[in-house]
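Here is the structure we will look at, set down as structure tokens.
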Amino acid sequence: MKKNNVLFELTVENIPKRFIVEAKKQLQSKITQLLKLSRLEYGDITIYATHRRFVVIIKDVSPQTQRIVEKVYGPPARLLKDEKGNFTKTAIGFAKSCNINPENLKIEVIEKKGEVICAEKHIPSEKAEKILSRIFYEAIKSLEFPKNMIWEEEKFLFARPIRNVVAIYGNKIIPIKIAQVKSSKTTYSSYFTGFKKINIKNPEEYLKIMENNHIVINDEERKKAIMNIISGVEHFSKCEVNKDIDIIEENMYLCEHPSGVVVKFPSEFLKLPPELLNLVLKKQLKFFSCYDKKGNMIAAFLGIRDGVSKGHRNVEEGYLNVFKARCSDAIFFYETDLKTDIKVFEEKLKNLIFQKELGSMYDKTARVKNVLSLVMKELNIEKKELIDASSFIYYDLVSNVVNEFSELEGVMNYYYANKYGIVDEEIKKAISEIYLGGGNDLRIPSNIFSSILAVSHKIDTLVGDFIVDVIPSGSNDPHGLRRYANGIFRIINENGINLNLLKLIKFSYNSYPEDIRGKKKIEILQKEVLDFIYQRMESYYSQKSVSQDILNSLKNIFLREGDILKLKYRVESLSLIKNRDDFKNISLLYKRLKNIIKDFKLMDVNESIFEKDEEKRLYSKYIEIEKELNGYLNENKYSDAINLILRISNELEAFFENVMVMVESEKIRNNRLSLLKKIYNLFSDISDISQIVY
1 MKKNNVLFEL
11 TVENIPKRFI
21 VEAKKQLQSK
31 ITQLLKLSRL
41 EYGDITIYAT
51 HRRFVVIIKD
61 VSPQTQRIVE
71 KVYGPPARLL
81 KDEKGNFTKT
91 AIGFAKSCNI
101 NPENLKIEVI
111 EKKGEVICAE
121 KHIPSEKAEK
131 ILSRIFYEAI
141 KSLEFPKNMI
151 WEEEKFLFAR
161 PIRNVVAIYG
171 NKIIPIKIAQ
181 VKSSKTTYSS
191 YFTGFKKINI
201 KNPEEYLKIM
211 ENNHIVINDE
221 ERKKAIMNII
231 SGVEHFSKCE
241 VNKDIDIIEE
251 NMYLCEHPSG
261 VVVKFPSEFL
271 KLPPELLNLV
281 LKKQLKFFSC
291 YDKKGNMIAA
301 FLGIRDGVSK
311 GHRNVEEGYL
321 NVFKARCSDA
331 IFFYETDLKT
341 DIKVFEEKLK
351 NLIFQKELGS
361 MYDKTARVKN
371 VLSLVMKELN
381 IEKKELIDAS
391 SFIYYDLVSN
401 VVNEFSELEG
411 VMNYYYANKY
421 GIVDEEIKKA
431 ISEIYLGGGN
441 DLRIPSNIFS
451 SILAVSHKID
461 TLVGDFIVDV
471 IPSGSNDPHG
481 LRRYANGIFR
491 IINENGINLN
501 LLKLIKFSYN
511 SYPEDIRGKK
521 KIEILQKEVL
531 DFIYQRMESY
541 YSQKSVSQDI
551 LNSLKNIFLR
561 EGDILKLKYR
571 VESLSLIKNR
581 DDFKNISLLY
591 KRLKNIIKDF
601 KLMDVNESIF
611 EKDEEKRLYS
621 KYIEIEKELN
631 GYLNENKYSD
641 AINLILRISN
651 ELEAFFENVM
661 VMVESEKIRN
671 NRLSLLKKIY
681 NLFSDISDIS
691 QIVY
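Quick note, in our numbering, the sequence shown goes up one by one and the last residue is 694.
So this is what it looks like as structure tokens:
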């Protein structure tokens, strides 16, 4: 049987990009699922989409399904006929369910059940067109969108009105009717060519015919075309274009024939903060900002239009007019903020609730300021300007710009800094970078002042939420606490800040009023918050290919100490040493040690009652190692500390081979257990190496 390709095209009114991407995934999944159930043979399935059409191309589909005979096994053979030789009610019912006459029932032997009644169902072949008609209808009907419309009598739900359906198998129309629209071989060009009729003979010619009519169906080809436009603009205009993947993909689904439009605008708009101007271009207009070779924004942008060059000048003027309108609004917001008295911002903060149980953002400001001062004292940092500036870190939240562009919270503080009386560049950055560091691949604060202010801001939110038990569960994290915990860890870890988390949590806890602190004891809070931060650390290190057993071996030490930098040094040391043979050997010995000393309470070792040379030598080696060990641990030289402890391996092995621990004498038994516990404790400030897996 000759196989043929299949084309299905659904033309709709303009549909937003945020609907398209998910709909493509759903279509791919649903059509694949239905084809597998159909018994049709088929090849590759490709889904394309633009803002006006969904396209499905299926390769090598068989013209019909095979006629098959399916055996259905039923009740035991003894129920086929009664004593008089008549078919029983059971047999008649079984035959009816299989759509055959009782006379056609057979008896067969099957494993474990013996003789049973058997029916052979003859399933006829079915033409591909009929099957595909059902598949496409069901697949389209199953699509789920954030919002749906109803626009015709059938009340067919879809994101936008359906205007045309093309469905072809080989050179035949697949008869299908969706939302009162019947399938045909005719589609239509885009609006910029007048919605001309385009006749499609077969699926093979579809992509080429559409391209000849200035419609690029392949998503990736449109994306490539946009990238080529950007490269061309950069080459001829000697500038850099912001290659934001979000804007590229947005435009990829906003047009069927991408064309570039470079628009120059009055330089007065460059007085806007570049982050704000870029956001207007990206978020509101879907345009690309342009920069000179030094990274400064220039008075031009790149827009992508749908269509050929006809009417290019009109499009350019239209883009400029809408740009001016949007930027004029942004300028108004920005200039109004600059003119507003900071006391107005302060009053607004008093009415902006942080959390119902935790007060206003004004209250939060005071707590963060207090934590910051304690952190600076802990780190021996003196910078009065930073403490003063911390009073303004949330002022931008009540500004007009951030109210309109929430993505700029924090960022706008840099530009409002002069209004606050801040001139120090590092302090300006500090008050604008408090939200940085949330994701593993995102930027972290750029200097020590930014870092400690950002940590003070984040720990206040984390501690406050944990006090009142607003703790993330599953995917639910309304206050972004996982990002905050990740940010605290990354800032301390990557910027090498020697700040203990137990102290930091206590600083924050004590900054809350007594009635709030009374909701949870500090010891419980510290354990909960440390455990939560550790989970983010695990995720961070796992992404850096640190093995889980190393992380498991360090968890209890971290929860006891709350020291991020020490954990970092331990991770680095263990990762380097783990696969060495001598470390593998002592790890196995320590597993044995752990089992022996389990639940044993340490006592003093009395060397005068040693009976064996092996226990004397082991204790002597222990004393030798212990004298040097603390020096390495105090300087966080964990590789040196581990290598030092490894020297005890031979003596420990000899002890296990020649000394019985669990002897009858309680005095000698406890002395030997105490010796082993001391040796086990050599690693207590490094790692629980019994957790290391090989």
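Glycine included, C-beta positions come from ideal geometry on N, C-alpha and C.
Remember, predicted model here, so these are calculated numbers, not experimental data.
Please report how far the alpha carbon of Asn162 lies from the alpha carbon of Thr186, in whole angstroms.
One point to set straight first is that residue 162 is Ile, not Asn, in the sequence displayed. Rounded to whole angstroms, Ile162 to Thr186 spans 15 Å at the Cα level.
Is the closest heavy atom of the ligand GDP to the C-beta of Ser690 under 7 Å?
Only the bare structure without any ligand can be found here, which leaves the ligand GDP out of the picture.
Can you list, in chain order, the residues of its chain whose CB lies under 8 Å from that of Ala299, leaving out five sequence neighbours each side?
So the qualifying residues of the chain are Lys264, Phe265, Pro266, Ser267, Phe269 and Leu270.
Does the stretch 281-288 come close enough to the stretch 198-215 that 3 or more CB-CB pairs lie under 8 Å?
Segments in contact, no.
Could you compute how far the alpha carbon of Lys130 sits from the alpha carbon of Leu462?
Rounded to the nearest angstrom, the two C-alpha atoms are 59 Å apart.
Would you tell me roughly how many angstroms separate the C-alpha atoms of Glu347 and Tyr334, rounded to the nearest one?
Approximately 19 Å, taken between the alpha carbons.
Measuring straight from C-alpha to C-alpha, what distance separates Arg592 and Asp396?
For Arg592 and Asp396, the distance between alpha carbons rounds to 59 Å.
Mapping the DSSP letters down to three states, classify Glu120 as helix, strand or coil.
Of the three classes helix, strand and coil, the one that applies to Glu120 here is strand, per DSSP.
Expressed to the nearest angstrom, what Euclidean distance is found between the alpha-carbon atoms of Ile557 and Glu635?
Rounded to whole angstroms, Ile557 to Glu635 spans 17 Å at the Cα level.
Among Val21, Glu382 and Asn643, which one has its Cα closest to the Cα of Glu220?
Checking every option, the nearest Cα to that of Glu220 belongs to Val21.
Name, in chain order, the residues that DSSP records as bridge partners for Gln180.
None; Gln180 has no bridge partner.
Between which two residues does the alpha helix (DSSP H) holding Thr461 run?
Run containing Thr461: Ile448 to Ile467, per the alpha helix (DSSP H) assignment.
Thinking Leu40 and Val61 are a contact (beta carbons under 8 Å), I'd like their distance in whole angstroms, please.
So it is a contact: roughly 6 Å between Cβ atoms.
Could you give the first and the last residue of the continuous beta strand (DSSP E) run that contains Asn697?
Here the chain has residues from 1 to 694 only, and residue 697 is not among them.
Return the bridge partner residues of Glu250 from the DSSP annotation.
BP columns for Glu250 are empty, so no partner.
Is it true that the CB of Tyr319 sits closer than 8 Å to the CB of Val261?
Yes. Within cutoff.
What does DSSP give as the partner residues of Leu305 in its beta bridges?
Checking the sequence shown, residue 305 turns out to be Arg, not Leu. According to DSSP, Arg305 bridges with Ser259.
So what does DSSP say about Tyr394, is it helix, strand or coil?
Three-state DSSP puts Tyr394 in coil, outside helix and strand.
Distance check for Asp531 and Arg483, CA to CA, integer angstroms please.
When rounded, the distance between both Cα atoms is 15 Å.
Using the DSSP secondary-structure output, state which residues sit across from Cys290 in a beta bridge.
In the DSSP output, where bridge partners are listed per residue, Cys290 has Val241.
Give every residue of the same chain whose Cβ lies closer than 6 Å to the Cβ of Asn606, excluding the five residues on either side of it in the sequence, and list them in chain order.
For Asn606, where only same-chain residues beyond five positions count, the Cβ hits under 6 Å are Asn671.
In this structure, what does DSSP give as the bridge partners for Pro76?
Beta-bridge pairing links Pro76 to Val116.
Hey, Ile15 and Gln28: beta-carbon distance below 8 Å or not?
Cβ atoms of Ile15 and Gln28: not closer than 8 Å.
Taking the CB atoms as reference points, tell me whether Ser553 and Ile692 lie closer together than 8 Å.
Contact flag set, yes.
Buried or exposed for Thr11, going by 16 or more other Cβ atoms inside 10 Å?
Under this definition Thr11 is a buried residue.
How is Lys383 classed by DSSP in three states: helix, strand or coil?
Lys383: coil per DSSP, three-state reduction.
Please classify Tyr73 as buried or exposed, where buried requires at least 16 neighbouring CB atoms within 10 angstroms.
Flag for Tyr73 reads exposed.
Could you pull the DSSP bridge partners for Phe87 from this structure?
The partner list for Phe87 (beta bridge, DSSP) reads Lys81.
Hey, quick one: how far does the beta strand (DSSP E) through Thr46 stretch, first residue to last?
Residues Ile45 to Ala49.
How would you label Ala325, buried or exposed, when you count the other beta carbons within 10 angstroms and need 16 or more for buried?
Exposed.
Would Ser639 and Ser573 be called neighbours here (beta carbons separated by less than 8 Å)?
Yes, these two residues count as a Cβ contact at 8 Å.
Need the endpoints of the beta strand (DSSP E) that Gln355 sits in, please.
It spans Ile353 to Gln355 - the beta strand (DSSP E) in which Gln355 sits, taken as one unbroken run.
Can you tell me which of the three DSSP states Thr186 falls into?
Thr186: strand per DSSP, three-state reduction.
So what does DSSP say about Gly562, is it helix, strand or coil?
Coil.
Compare the beta carbon distance of Ile564 and Asn493 with 8 Å and say whether it is the shorter of the two.
Yes.
For Leu254, which residues in the same chain have their Cβ closer than 8 Å to its Cβ, ignoring the five residues on either side in sequence?
Result list for Leu254: Lys17, His51, Lys286, Ile304 and Asp306, in chain order.
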